[in-house]
Structure formats: C-alpha cells, structure tokens
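Chemist: Structure provided below as structure tokens; questions to follow.
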Amino acid sequence: MTEEVSIRTVHDVAGIGAVADLFSDVWQTPRNSPPYPAEVLHSLVHAGGAVHAAYDGTRLAGAAVAVFGQPGRQDTYSLVAAADRGLGYAVKQAQRAWALEHGARTMRWTFDPLVGRNARFNLVKLGATGTEYLVDFYGPMADGVNDGDESDRLTVTWDLTAPRTPQETGDRDAAPATHLAPDGAFLARRDTSDRHIWCRVPDDVVKLRAADPTLALRWRHAVRAVFTEAFAEGYVATGMSRDGWYTLTRPATESAA
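Note that my numbering gives residue 42 to position 42 of the sequence shown, counting from 1, and the numbers run on in steps of one.
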C-alpha cells in the first residue's frame, strides 16, 4: 500500500463497474455474475445511496455501499464493504462522514459471526454493537466464499455520534463453562452474575469451510445455539478478543436480580 490513498464516492458507469468487478473478485464469483451487479449499484446511487471507492494510487483497493434505512430513523445501512488490509477503517470512516453529512445518526450492517477478524474490527476497532442474530439470513449462497454453509449473520449497530469507549469484558477464565465446541474444548462460558457470556469461534472459518465443510457447519450450529439463547435473554455482542472469544453483555437493567 502506498501513501497515495484516496477515498471518494463514485457515480460514473466505469467507476461503478470497477467496484462490481472488485466485489466479484473478493467473493470469488465470475465477473459476469457479480454478487452486486453494476446496474444495481448505479440504481442505489441514483436513489440516494453512496458507493465509496478507495484507491491506492490509481488502483481500486476497496469499496463500500450504503443506503438509507427506514424513514424518520436517521439510520443508514451498509450493504457491503471490502478493502485491502489496512484500508477497512478508512473506508468505514468515509461512510460515516457521508452518513452524518446527510443527517444519519446510526449505521447498521451484517457480517458472518464466525469470522472473528471481522467481529473484532466491527466491535472493537469501530465500537459497534451486535444487536441481532439472524439465522440463515440469505438462505443458500453460491459464491466462492460462503458456498456450502448456512448464512447466519450478526447485525451490528454503529452509533455514529458516540465516542468509542472500551467495553467491560469481565473475567472469562473464572466463569463456568456451559458448552463444548466441535473441537472438544470449551465453546462458551457464563459468569455467575449473568452479566457476561463468552463464546468462541474457529480460528479461520473460511479455510475450515474449504477444507472440511461438515465440521464448519457443526461450528455454525454450535455458535448459533449460544447466540440465539443469549440474544433471547437480552444480551448483545460488545467485544471480540484476539484469541477468538466474543463477549456478550446484558445491560444492567436486564440483568437478573
């Protein structure tokens, strides 16, 4: 990556077409069958959304797409984002600036909860909160990254106006274990105060899915069981450790007496 990185919105046919090609490459689909076709992206821009493109010199190195949410909610929705390592934060900040300029106060998006590096980026680096667990959200997917898996997603909500502050993580190692993972080690722990739950994800689910899709699906179902139960009890996802453990937190007003 050079020092000549720039991020701007794109509106022209060629620029949007290049973004569609980038998404094809990232999600390993043929360029004639992109996950986000150029004509769809162009229509979203025409409707008031934004396609941000990040350039490393003249090379397209990342992109993101956002639209507005429900009327009156001051909410935006990020449909997709992808960038070279080191550029993701700058792309999200460009989206944030655009959203604030147009009157939004929050931004939401979804991601695969088994991808720990994305969870850490969203929850720790950006300071967003995982607010909703969606089971098999898209149904079967046929791209080169998700093929053969079920498409569970975690919705995150990013308060665009609040300062990013470190979240309380609790004492994971002292908490009793509640579930076992497919690898035989502990999958989840829960503290005795019912304030925190911790849940582990595999080291690299993308590699695991390619090597052993059956095992990857077992991880999917195991993590789903922990998350759906926790979210039903009022927990939200507030953190992700470097060694692959989510922190799920129940607000004090929701904690058991």
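Cβ coordinates follow ideal geometry from the N, Cα and C atoms, glycine included.
State buried or exposed for R96, treating a residue as buried only when at least 16 other CB atoms are found within 10 Å of its CB.
Modeler: As a first step, residue 96 is located in the sequence shown; it is residue number 96 there, counting from the start. So R96 counts as buried.
Chemist: D191 by DSSP, collapsed to three states: which one?
Modeler: Mapped onto the sequence shown, residue 191 falls at position 191. Looking at D191 - three-state DSSP - the assignment turns out to be coil, as it is neither helix nor strand.
Chemist: According to DSSP, T247 sits in a beta bridge with which residue or residues?
Modeler: The residue given as residue 247 occupies position 247 in the sequence shown. According to DSSP, T247 bridges with W198, G239.
Chemist: Assign A257 to buried or exposed, taking buried as 16 or more other Cβ atoms, counted over all protein chains shown, within 10 Å of its Cβ.
Modeler: In the sequence shown, the residue the question calls residue 257 occupies position 257. In this prediction, A257 scores a pLDDT of 44, lower than 50, which makes its location untrustworthy; the coordinate-derived value is nonetheless stated afterwards. Looking at its Cβ environment, which holds fewer than 16 other Cβ atoms inside 10 Å, A257 is exposed.
Chemist: Taking all protein chains shown into account, decide if G72 is buried (16 or more other Cβ within 10 angstroms of its Cβ) or exposed.
Modeler: In the sequence shown, residue 72 corresponds to position 72, counting from 1. Classification for G72: exposed.
Chemist: Here's the rule I'm using: 16 or more other beta-carbon atoms within 10 Å means buried, otherwise exposed. How should V135 be labelled?
Modeler: Start at 1 with the first residue of the sequence shown, and residue 135 comes out as number 135. With fewer than 16 other Cβ atoms within 10 Å, it is exposed.
Chemist: For the 8 Å Cβ check, are there 3 or more pairs between the region 102-122 and the region 171-186?
Modeler: Short answer: they don't touch.
Chemist: Taking the CB atoms as reference points, tell me whether R195 and W245 lie closer together than 9 Å.
Modeler: Numbered from 1 along the sequence shown, position 195 holds the residue referred to as residue 195. Numbered from 1 along the sequence shown, position 245 holds the residue referred to as residue 245. Against a cut-off of 9 Å, the Cβ pair of W245 and R195 comes out as no contact.
Chemist: Name the residue from G62, P163, A47 whose alpha carbon lies nearest to the alpha carbon of A20.
Modeler: One-based indexing of the sequence shown puts residue 20 at position 20. Looking at the Cα atoms, G62 is the closest of the given residues.
Chemist: Let me know the secondary structure DSSP gives W158 once reduced to three states.
Modeler: Here residue 158 is taken as the residue at index 158 of the sequence shown, counted from 1. W158 falls in the strand class under three-state DSSP.
Chemist: What residues in its chain sit with their C-beta under 8 Å from that of S255, if we drop five residues either side in the sequence?
Modeler: Taking the first residue of the sequence shown as position 1, residue 255 is located at position 255. Because the pLDDT at S255 is just 46, under 50, the model does not fix this residue reliably, and the value given afterwards should be weighed accordingly. Contacts found: S193, D194, R195.
Chemist: May I ask which residues mark the beginning and end of the beta strand (DSSP E) holding W109?
Modeler: By 1-based counting over the sequence shown, the position of residue 109 is 109. W109 -> beta strand (DSSP E) spans 106-111.
Chemist: If you measure between the beta carbons of T238 and G88, is that distance less than 9 Å?
Modeler: Position 238 of the sequence shown, counted from the first residue, corresponds to residue 238. Position 88 of the sequence shown, counted from the first residue, corresponds to residue 88. In this structure, G88 does not lie closer than 9 Å to T238 by Cβ.
Chemist: Cα separation between C199 and T247?
Modeler: Locating residue 199 in the sequence shown gives position 199, counting from the first residue. Locating residue 247 in the sequence shown gives position 247, counting from the first residue. If you take the alpha carbons of C199 and T247, they lie about 7 Å apart.
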